Structures are given as C-alpha cells and as structure tokens.
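So the sequence lines, in the order shown, correspond to chains A and B. The numbering used here applies: residue -13 is where the first sequence begins, and numbers increase by one. The numbering used here applies: residue 283 is where the second sequence begins, and numbers increase by one. Note that the Cβ used here is the ideal one computed from N, Cα and C, for glycine as well. Just so we're clear, the structure is a prediction, and the values are computed from it rather than from any experiment. In what follows, a single structure is set out as structure tokens and then discussed.
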Amino acid sequence: MKKILLIATVLVLFLFSCSKDNQYARRITGEWTVDKAEKYNFNTSTGQWVLDANASINNPGTIILTNDNKNKEKTSSFPYTNPATVEFNHNFIYNFYSGDFYWSVDLGNDNDLKMITFMFEDPNTSLYIYTSFSIVENSKKSLTWYYFADTNEGMDNGTQYKWVLSLSKL
Amino acid sequence: MKRLFIISVFVISIGSHINGQAISFAGGASFISPKYLTFQYFIDSYNLYHKEYLQSKLNYLPTSVGEYLNASFHGNHLTVDLGYQAFNMSSNAIFINGDSRNFDFRVRTMDLLMGGGFSKKNLGIWAFGGLYFGLMKMDSYYKYNDGTVSFGLDKFLNGQFSNGMSGYTLGIKSSIPVYKYISILLKVEKVTAFRGSLRYNALEDRNTSRQALGAYIPTDFYHYKDIITSNSYLPEEYQTRTDLEGFKYTIGLQIDIFK
C-alpha cells in the first residue's frame, strides 16, 4: 500500500509540474541593456540581408522584464500581466519606445524560446498594441532578438528589413 | 496527454489487479497515413496563390511514424485497451528567394477501445472500436533565407495554433506469442474525426496578440487575403479544423504483467 501511495504521489507531482514557458519567462527576467541595434535591409535581387550601418544604433537603451509567474495569463482586461519597462533613447521600432508594457514569451514545438511579445494599451484608442521579437539566441547573460518588418502587408514572400538587437544582462 | 495516459493506466491497473483481471502493456511504433481535409484545402489554395514565387510547394502531410503505448485489460474473448499515440508531422513551401513557410504539427491522442475476438496461449485476434481524444498543436513560422525564423507578427500566418481533437476508430488487432509472456502486437485501424461544432475543433492561435486577424488558418487563401485586406474576421466555415484522420498501423512488443 505504501508503494502505491508513493507512486501515486510521484505521478501527481509529475502531472502538475511547472509549465515550461513560465520557466523561460523566469530565466529572462531582469534588467537588460540593449548594447546595439543593427538594421538590415533585404536585397531582393541578391537575396541577401545587407547591413545599413548608417541606421544602426549603439546603446539604444534598457529593457526591464519583471516576472509575476503569469506568462500569457488572459483576463478580460489585460491578456498579458507580466510588466516590462522600456527606456530607449531612439524611436527606431514602430510602437516600441520608452514606456510601460506587458510581455510574454512563446515556445516552439522543440520547447525552446521562440518569441517575446510586448503589449500596451493605447490611451487614445483603447486598443492593445503588440510588438513581437523572434528570439534567435538566448542564454542567462545575453539575448539576440530580431524584429522583422514586412512591406507586403503581412503576406508571405514580402520584402523586408529587420532590426537585430543584442542584449546583455546588467 | 502522456501524463494523463500514465495516470489513467496506473489507476485502472490497480482496479483491474484487485479484481483479478489480466493486464498487458505494449510499446512500439504507429504509422499514420493521414488525410487532413481542411488543411489540404488550405495547401491547395496557398500553392495556387503563390505559384509564381514557389520553387517547392507546400506538401500534404506525409505518412508519419510515432510513439505508441498501450495497456490492455482482457479476458479470453473481450479486450479493453487504453492507448496513447504521438505523431510529429510537417509541411513546408520554399520560395524562389530562399524564404520558406513552415508548418510543424504535434499530435497527441489517447483512445479507449473495446473489442471481441479469441485468444489462446497469447495468440489472439480481435476486432475493436472505440473513441479517441487528444490535442493538436501546430507551429506556423516563416524562415528567411538566411536561416532566421520568425514566429512574430510580421506575417499573418505566423502563430502557434492548437485545439482539441476527437473521433472514433475501428480496426483489427492481433498478438503473436514470442517468448513466455512476451508477444508481438499488430494493429490496423481506420481513424475518423468527429465534425462537430467548429468552436471546439478549429485550429486557433492561443496568443491573444494575433486574436484579431491572424487567429486562424484559412481553408481558402484567396478568401483570407480579401478578409485581411478588409480588416474583417475569418468566418467559422473558412477555418482549418483539427480533423486529421486516416489509416493507422501499429507494431509493438506486448508484455503480460498480471495473468
């Protein structure tokens, strides 16, 4: 009987163990410095991304990610509840400038970090405004995020530019 | 889903053991030859819309192999099976410029089957039928030609879609004795999806940032393009469902635990 109870306890713990996206959200919580933001344009004739050195920015600011273990918790008022503060000295990504945001992360089928999304409520329109970054590299001390912009209205096979953000933990 | 399966098998096994029933566990591989009607509609329209720009079209989901676990509670003529299957499948299109649109599917199902047949000294054959339920998750992402992947809001089709799936299955299984309590399990079955309310089986993006326009995968890409342009919502009848079905073939090793 003791054995059955022991196995049952282990199985229940197994069943209710912590979700993976909350684990990743905890891991990237903290104050991050954006060391540089580099802009790349897509050259449709060569099929290559070309660095736009004139548009690139050194030390554009900081991003503070706070975690209250509610990654992507949905309520009627706010879909996201983990707060973030962005302090940028350049306005280089549309709708992503200094201010308060909410954030969440998404994992892929391989259970690795794929995306971080920021959201704020526009006080003029009361609409939720979202900005997402693809997470290309992630470690405890450094992150690389890509922000893709599409000139083909969100359809596939569009021409684009991208911002590559290199972040390090303070 | 796997956790639910393990808990269920554990609970039922204790009950069956107490009642003195025979129990067998099996593990092996399942092969599914999928027919996925609503997603195939999407594939056809997507390929047609982008035909001038594609070097490789989106493919229908191929025959796939996945993990199979099963617990059988049986007598000589009746069997009750609790099974678990896991399949990963993918489809992708490559554009002339080297970019690609990718869909990665992860399907996890549990089934509860009842059957009748005959068995003697571990040699047996049964016809069975039953219900299955499960979860389908699908990652849709755009891969740029330099290898970088975007799940982001730059493409409407990007997203992480999921919903429940359910249906019924009919088939035949056989066990062939190998050594003492060990036998080979063979199963052939036809899996058919329930086509009930769309609310419960439309592939939906759980990320609320895409809940407005790109929350669903369309069955008709041309119609979707018009919808996106006019800032309207995609009607239910044009959403891809979790209606994956087809023939499934299973081979595994079965061990009698309590006899």
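Secondary structure of Thr524/B (DSSP, three-state): coil. The stretch 384 to 395 of chain B and the stretch 31 to 42 of chain A do not touch, with fewer than three beta-carbon pairs separated by less than 8 Å.
Looking at Asn138/A, Phe82/A, His76/A, the one whose alpha-carbon comes closest to that of Ala70/A is Phe82/A. Around Ile49/A, the same chain offers Trp18, Val72 as residues with beta carbons nearer than 6 Å, after the five sequence neighbours per side are excluded. Interface criterion met: the Cβ of Thr430/B is under 7 Å from a Cβ in chain A.
Here the C-alpha atom of Thr15/A lies approximately 15 Å from the C-alpha atom of Tyr66/A.
Counting every other CB atom within 10 Å of its CB across the protein chains shown gives Ala409/B a total below 16, marking it as exposed.
Between Asp136/A and chain B, the shortest Cβ-Cβ separation is below 7 Å.
Counting only residues of its own chain and dropping the five nearest sequence neighbours on each side, Gly453/B has a CB closer than 7 Å to the CB of Phe410, Lys469, Val470, Glu471, Lys472. Judged by DSSP in its simplified three-state form, Leu516/B adopts coil rather than helix or strand. Contact annotation for Phe438/B against chain A: Gly140, Met141 [CB-CB distance below 8 Å, chain order]. Among the CB atoms of chain B, none fall inside 7 Å of the CB of Tyr88/A. DSSP, reduced to helix, strand and coil, places Tyr26/A within a strand of the structure shown. DSSP places Phe433/B in no beta strand (DSSP E); its state is neither H nor E. Our two residues, Thr52/A and Lys100/A, have alpha carbons roughly 19 Å apart in a direct line.
In this chain, the alpha helix (DSSP H) harbouring Ser327/B covers 319 to 331. Annotated as distal: His359/B and Ala304/B, with beta-carbon spacing of 7 Å or more.
Against chain B, a Cβ distance below 8 Å from Phe119/A picks out Gly434. Secondary structure of Phe476/B (DSSP, three-state): coil.
Arg388/B belongs to the set of residues whose beta carbon lies under 7 Å from a beta carbon in chain A. Annotated three-state conformation of Arg12/A is helix, per DSSP.
Ser125/A: not part of any beta strand (DSSP E); DSSP gives it neither H nor E. By the neighbour-count criterion, in which a residue is buried when 16 or more other Cβ atoms sit within 10 angstroms of its Cβ, Phe443/B is buried.
Taken through DSSP and simplified to helix, strand or coil, Asn45/A comes out as strand.
By alpha-carbon distance to Gln322/B, the top candidate from Val347/B, Tyr463/B, Ser372/B is Ser372/B. Within chain A, the residues whose beta carbon sits less than 7 Å from that of Tyr424/B are Asp142, listed in sequence order. Relative to Tyr531/B, the option among Gly310/B, Ile289/B, Ile288/B whose CA is nearest is Gly310/B. No residue range can be given for Pro109/A, since it is assigned to no beta strand (DSSP E) and is classified by DSSP as neither H nor E.
Listed in chain order, the non-local C-beta contacts of Asn138/A below 7 Å within the same chain comprise Gly144, Thr145, local neighbours out to five positions each way being set aside. Judged by DSSP in its simplified three-state form, Ile115/A adopts strand. Between Tyr366/B and Phe287/B, the beta carbon gap of about 4 Å places them in contact (Cβ cut-off 8 Å).
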